[in-house]
Each structure stands twice: as C-alpha cells, then as structure tokens.
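Quick note on numbering: the sequence shown equals residues 426 to 677 in my numbering.
Below is one structure; the comments refer to it alone.
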Amino acid sequence: MRKPMIAGNWKLNKTIAEACELSSDLSKCLANFEGVDIVIAPVFTTLTAVAETIKNTPIKLAAQNCYPEETGAFTGEVSPLMLKDAGCEYVIIGHSERRQLMDETDTFINQKMIKALETGLKPILCIGETLQERENDQMLDILAAQIKGGLDNLSVEQMADVVIAYEPVWAIGTGKTASDEQAQEAHSFIRGLLQGMFTQEVAFATRILYGGSVKPSNVDGLMAMDDIDGALVGGASLKAEDFIRLVRFEKV
Ligand code: PGA
426 MRKPMIAGNW KLNKTIAEAC ELSSDLSKCL ANFEGVDIVI APVFTTLTAV AETIKNTPIK
486 LAAQNCYPEE TGAFTGEVSP LMLKDAGCEY VIIGHSERRQ LMDETDTFIN QKMIKALETG
546 LKPILCIGET LQERENDQML DILAAQIKGG LDNLSVEQMA DVVIAYEPVW AIGTGKTASD
606 EQAQEAHSFI RGLLQGMFTQ EVAFATRILY GGSVKPSNVD GLMAMDDIDG ALVGGASLKA
666 EDFIRLVRFE KV
C-alpha cells in the first residue's frame, strides 16, 4: 500500500524566527504521529534552523527548488548536494509558479530530477494544466507531456524515490479546488501514464499528491479517492492548526 504524504509548501513566506515558531509548533503536536509522511518545505535561508526544530520528530524537510549542478559558477543557485547538507530529504521540482514565472521547461525540470536523485534527494515533481488548457480540452496532452518530459531517462529503481504532485494551476491559491472526482480522474490518468512509461508495479507504488487550495474542509473527501495519496499544500500549511488537521485527515 502507498503511505499517504501531506507536504506543506511554504513558498516565499516566513523569516527564520517565524519559520522556527511554526516548525516547533508542528513538532510538538506531531511528535509521535505515524502512518503519514509529513513534509515541510520552508524558504532556503531557514532550512538549517528549521532542521534543528524537527530533529527526532517524524517531520521531514524539503526544499522548494534546486539547480541541476553540484557546485560551480552558477550564481544565486542552490544544488541538491547543498540541500542534503542542510538537512533536506525531499525537493519540490517543477512547481507551476516556477514554470510560469521563471519559464522552466520540462527539459530543465528533467535535469533537476536526475541530479536530485543522483544526490539522494527525493523529488516531488509538480505537474498540472492551466484553466485555458483545461477549457481547450488539452489537459490530458499537457499532463502526458509534463510526465514524459519530467521523468525522461529515469530508471524503475529511481522511481521508488519519486513523488508526483498533480496541481491544476487554476486551483492554486485561488480557493477553487478541483472536485474529488476531477482530481481522481487526473490521478488515475497519471497512474496510467506511469504504467506505460515504466511498469505496472511503478504505477501502483508511486504516490500521487493533489495540490490546489487543499484545506481542512476538503481534505477528507480528496483523500477518500482511490488514486489520491496525499496533498501538497500552500496556504493552509502556514498555520499550524490547519496543517495538523490536514495531517490528521479522516478517511470518509
Ligand atoms: P495552495 O498552493 O494550497 O495555496 O493552493 C498549493 C501549491 O502551490 O503547492
């Protein structure tokens, strides 16, 4: 069975003091929590300080991005090696905000996936269609292109460390969630793509998270869907009370 994962993407929020306050609150409340992989992705500058506050708890650290080189003349970038050194186990790759604001392509995203895996970081690959793409009936083509491009040249063994996050762009930060059924349809399609690209075992074992305005009031319904294995959460991950409720989702 796939272990559920609830991951908080803090985006560009919180100073070191604020980040440590939130991670300490989460640590206290989730110290002995089992059965769900709990991941938080704070801003780069806060990673080492946050890592200290979650020591000896089940909470895992993620970065929000990485550059596909280990070291060198890449001013302003952060490598998977440095992220591991700072205490990260996971890294978010290909978030739609980076695809849109920084023009990240599937080829570049694939380079990051490969470098992260080579370094021993577990990537959370984000994919998802825009509203216009959905309305133009391009959703399935877009998801297929992003999955094929993002996972190109990865081995079956490497796929054991990969998590996918389906995040329809129109649902991110807008308060509009995909319905449980819309999300399930996309997740099941993605699982089919994994089967075609890798094996049936990979398709069955890979966790696919849903992201886009997940909150305490809709998490239970989403988590009840067969192919939804967790959530990647922005806004609702910034308040301890809300994030803890998401981690403690109830199977309905
Ligand atoms: P949101 O963001 O939960 O605020 O919609 C999700 C994300 O961008 O990962």
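Where a beta carbon is used, it is the ideal one built from N, C-alpha and C, also for glycine.
Keep in mind that this is a model prediction, so the values were computed, not measured.
May I ask you to report which of helix, strand or coil DSSP gives Gly-460? Here residue 460 refers to the residue found at position 35 when the sequence shown is read from its first residue. In the structure shown, Gly-460 sits in coil (DSSP, three-state: anything other than H, G, I, E or B).
Quick check on DSSP: helix, strand or coil for Gly-553? On the sequence shown, residue 553 is found 128 positions in, with the first residue counted as 1. In this structure, DSSP gives Gly-553 a state outside helix and strand, which the three-state scheme calls coil.
For the ligand PGA, any of its heavy atoms closer than 7 Å to the Cβ of Leu-455? By one-based count along the sequence shown, residue 455 stands at place 30. Because no heavy atom of the ligand PGA lies under 7 Å away, the Cβ of Leu-455 does not count as near it: no.
Comparing the CB of Leu-657 with every heavy atom of the ligand PGA, is any distance shorter than 7 Å? On the sequence shown, position 232 is the one that residue 657 refers to. Between the ligand PGA and the CB of Leu-657, the shortest heavy atom gap is smaller than 7 Å.
Counting C-beta neighbours from all protein chains within 10 Å, is the total for Leu-556 16 or more, i.e. buried, or is it exposed? Locating residue 556 in the sequence shown gives position 131, counting from the first residue. Exposed is the call here.
beta-carbon Gly-501 near the ligand PGA non-hydrogen atom, thresh 7 Å: Taking the sequence shown and counting its residues from 1, one reaches residue 501 at position 76. Flag unset: Cβ of Gly-501 not near the ligand PGA.
Exposure of Gln-525, with buried meaning 16 or more beta-carbon neighbours within 10 Å: Here residue 525 refers to the residue found at position 100 of the sequence shown. Per the 10 Å Cβ criterion, exposed.
DSSP state of Lys-485, grouped into three classes? As a first step, residue 485 must be located in the sequence shown, where it is residue number 60. DSSP places Lys-485 in strand when its eight states are reduced to three.
Compute the minimum distance between the beta carbon of Ser-580 and the heavy atoms of the ligand PGA, and state whether it is under 7 Å. For the purposes of this step, residue 580 is taken as residue 155 along the sequence shown, with counting starting at 1. Result no, Cβ not under 7 Å from the ligand PGA.
Just tell me which of Gly-617, Glu-543 and Ser-521 has its CA closest to the CA of Lys-509. If you number the sequence shown from 1, residue 509 lands on position 84. Of Gly-617, Glu-543 and Ser-521, the residue nearest in Cα terms is Glu-543.
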